[in-house]
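In this text, residue positions in the sequence shown follow UniProt numbering: the first is 1, and each later residue adds one. Take a look at the structure set out below.
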Amino acid sequence: MDCYFCIVNTPGVYAREIIVLKANADDEARAALSTVADQWIGYDTLCLYQGERVVEVRSNPGLGFPQDPLEGIRIPLAA
Numbered sequence: 001m002d003c004y005f006c007i008v009n010t011p012g013v014y015a016r017e018i019i020v021l022k023a024n025a026d027d028e029a030r031a032a033l034s035t036v037a038d039q040w041i042g043y044d045t046l047c048l049y050q051g052e053r054v055v056e057v058r059s060n061p062g063l064g065f066p067q068d069p070l071e072g073i074r075i076p077l078a079a
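Structure (structure tokens):
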């Protein structure tokens, strides 16, 4: 079973923080992600994964980003 983890992106910081979350299901992982958001006040985005699967991408509303989670993001590959 793949573990849940999140990548914390902060403005102006080249390196990213990776945090492994204690969760067995998506709902538990989303709740743990809220705790991470409270601890990392200045984050740009929090990217939640289970293994290679994207579960949720959350943007910081304090920096003017939308409050609703970004879901279903598809980035076209260059030809």
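We put the CB at the ideal spot given by N, CA and C, even for glycine.
Buried versus exposed call for residue i [16 or more other C-beta atoms within 10 Å across all chains shown]
i: Arg-53; result: exposed
i: Ala-31; result: exposed
i: Tyr-43; result: buried
i: Asn-24; result: exposed
i: Arg-16; result: exposed
Where the alpha helix (DSSP H) through residue i begins and ends
i: Arg-30; result: 26-39
Residue i versus residue j - alpha carbon distance
i: Glu-56; j: Leu-48; result: 5 Å
i: Gly-51; j: Gly-12; result: 26 Å
i: Thr-45; j: Leu-21; result: 16 Å
i: residue 96; j: Leu-33; result: Here the chain covers residues 1 to 79 and nothing more, so residue 96 does not appear.
i: Gln-39; j: Tyr-14; result: 19 Å
i: Val-36; j: Thr-10; result: 13 Å
Reference residue i; option with closest CA among the options
i: Cys-3; options: Asp-26, Tyr-43, Gly-12 and Ser-34; result: Asp-26
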